[in-house]
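First residue of the sequence shown: 7, per my numbering; consecutive thereafter. In this text, a Cβ means the ideal position worked out from N, Cα and C, and glycines have one as well. Each remark here refers to the structure printed beneath this line.
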Amino acid sequence: MADGPQMPQQDLSSYSDPVYDRLEQVAHGLGRTWWLYVVAAVLAVVIALAMRSFFDRSPGAEAFRLLRNASTEGDEALVAFVDNEEIPAEYRVRAAIQAAQTDLTAGRVDAAVDLLERAGTLAGESEYRSQVLELTTSLSRAAALEDAGDTEQAMQLYEDVELRAGRDNPIQAILAGVGAVRCREARALAMAKDAGASTNEAESEAAIAQARELREQSIEQLRDLLDQPSPILSRYVRYNLLRLERLPPLSPIAPPPEPEPADVDSAADAATDTTDATTDAEATDAPVDQPADSDDATDAEQPADGEADDGA
Numbered sequence: 007m008a009d010g011p012q013m014p015q016q017d018l019s020s021y022s023d024p025v026y027d028r029l030e031q032v033a034h035g036l037g038r039t040w041w042l043y044v045v046a047a048v049l050a051v052v053i054a055l056a057m058r059s060f061f062d063r064s065p066g067a068e069a070f071r072l073l074r075n076a077s078t079e080g081d082e083a084l085v086a087f088v089d090n091e092e093i094p095a096e097y098r099v100r101a102a103i104q105a106a107q108t109d110l111t112a113g114r115v116d117a118a119v120d121l122l123e124r125a126g127t128l129a130g131e132s133e134y135r136s137q138v139l140e141l142t143t144s145l146s147r148a149a150a151l152e153d154a155g156d157t158e159q160a161m162q163l164y165e166d167v168e169l170r171a172g173r174d175n176p177i178q179a180i181l182a183g184v185g186a187v188r189c190r191e192a193r194a195l196a197m198a199k200d201a202g203a204s205t206n207e208a209e210s211e212a213a214i215a216q217a218r219e220l221r222e223q224s225i226e227q228l229r230d231l232l233d234q235p236s237p238i239l240s241r242y243v244r245y246n247l248l249r250l251e252r253l254p255p256l257s258p259i260a261p262p263p264e265p266e267p268a269d270v271d272s273a274a275d276a277a278t279d280t281t282d283a284t285t286d287a288e289a290t291d292a293p294v295d296q297p298a299d300s301d302d303a304t305d306a307e308q309p310a311d312g313e314a315d316d317g318a
């Protein structure tokens, strides 16, 4: 009796894994074309070294290296770097700003202002006109003028930077706005001092009213700057706004009283009294030889009665 249909038997000895077959093909391909991969790696290294050599020899890289060396050598090296006309202008601007900061720290305000004026000229002559570099130079110059006490010109520069910066450069706009507020507050305090020193009541009231108006303008300007995309800038503006709002109201500031001149006669009398007291003290401290009593001296000179009689 025949059984059911028979299934064809498979030859399991010829079974192969497709993944293994693919790996084997790749290995054979690498074995035949390994030299291509070696050549590609060598070419990549050569190209990288050539590009590095090219960028190291570029004027910008050389100028940056010289600027770094001048920064480590000191202020005189930075000034010489600024005077070197063969260096690109944008690097000379950075050196001038850095040297001006050193001068401001040392109290050489006039030298710092001169350097920053040169930096502004160089920023306009730069081949790569960078608005950020120009705004930074103007901010540094305004800060130097503020330190020099020229708050009027410094405030004009701050307001110009704030207008040019706009929304594209929020950091420079915030710094310029806060700087203008500082200058305006300094002018307000100066007006308050003028009001306190004035003997005319009408002039005093007008000066203090103008000073209060300047402070209100500063507060309004800071409130307008609060809307910033960066939370750090917003906090910086809010800090300055709170500091200004918490100041006491402006009022006439009286000038300090002048010291009374010393009385020449009283000073002479005091000097005489001091001299007399010193003389008395020296006389008291000096040793004095005390003479012997006159009675004792007389007794010592005259012989006793008994001795006189014996002699007779």
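Label residue i either buried or exposed according to how many other C-beta atoms from any shown protein chain fall within 10 Å of its C-beta, with 16 as the threshold for buried.
| i | result |
| --- | --- |
| residue 197 | buried |
| residue 53 | exposed |
| residue 201 | buried |
| residue 221 | buried |
| residue 39 | exposed |
| residue 80 | exposed |
| residue 26 | exposed |
| residue 227 | buried |
| residue 246 | buried |
| residue 252 | exposed |
| residue 205 | exposed |
| residue 271 | Below a pLDDT of 50, predicted positions are generally treated as unreliable, and residue 271, at 49, falls in that range; no measurement from the model is reported. |
| residue 209 | exposed |
| residue 142 | buried |
| residue 112 | exposed |
| residue 128 | buried |
| residue 136 | exposed |
| residue 125 | buried |
| residue 168 | buried |
Rounded to whole angstroms, what's the CA-CA distance from residue i to residue j? Just pull it up for me.
| i | j | result |
| --- | --- | --- |
| residue 214 | residue 120 | 35 Å |
| residue 97 | residue 138 | 14 Å |
| residue 254 | residue 166 | 30 Å |
| residue 217 | residue 144 | 27 Å |
| residue 71 | residue 99 | 15 Å |
| residue 232 | residue 43 | 59 Å |
| residue 29 | residue 58 | 38 Å |
| residue 203 | residue 259 | 7 Å |
| residue 47 | residue 37 | 17 Å |
| residue 73 | residue 33 | 54 Å |
| residue 174 | residue 207 | 48 Å |
| residue 49 | residue 235 | 47 Å |
| residue 172 | residue 249 | 24 Å |
| residue 132 | residue 75 | 22 Å |
| residue 170 | residue 140 | 10 Å |
Considering only C-alpha positions, which residue in the set the options is nearest to residue i?
| i | options | result |
| --- | --- | --- |
| residue 122 | 256, 88, 47, 188 | 88 |
| residue 257 | 235, 67, 227, 211 | 211 |
| residue 117 | 146, 140, 132, 131 | 146 |
| residue 154 | 48, 114, 75, 171 | 114 |
| residue 157 | 32, 131, 187 | 187 |
| residue 110 | 73, 94, 149 | 149 |
| residue 152 | 231, 184, 50 | 184 |
| residue 229 | 175, 244, 75 | 244 |
| residue 94 | 78, 77, 69, 76 | 69 |
If you reduce the DSSP assignment to three classes, tell me which class residue i lands in.
| i | result |
| --- | --- |
| residue 246 | helix |
| residue 132 | coil |
| residue 291 | Note that residue 291 has pLDDT 47, beneath the 50 cutoff, so the model's placement of it is unreliable and the number below is only indicative. Three-state DSSP puts residue 291 in a helix. |
| residue 75 | helix |
| residue 113 | coil |
| residue 126 | helix |
| residue 270 | Low local confidence applies: a pLDDT of 45 at residue 270 is under 50, so the model's placement there is unreliable, with the coordinate-based value given in what follows. Helix at residue 270. |
| residue 172 | coil |
| residue 155 | coil |
| residue 80 | coil |
| residue 252 | coil |
| residue 200 | helix |
| residue 236 | coil |
| residue 91 | coil |
| residue 258 | coil |
| residue 283 | Residue placement at residue 283 is flagged as unreliable, the pLDDT there being 47, under the threshold of 50; a coordinate-derived value is accordingly withheld. |
| residue 220 | helix |
Query raised in the report: So does the stretch 156–171 actually touch the stretch 189–202, counting three or more Cβ pairs closer than 8 Å?
Result: yes
Query raised in the report: Does the stretch 178–185 touch the stretch 222–240, meaning 3 or more C-beta pairs lie closer than 8 Å?
Result: yes
Query raised in the report: Are at least three pairs of beta-carbons, each pair with one atom in the stretch 95–113 and one in the stretch 73–84, less than 8 Å apart?
Result: yes
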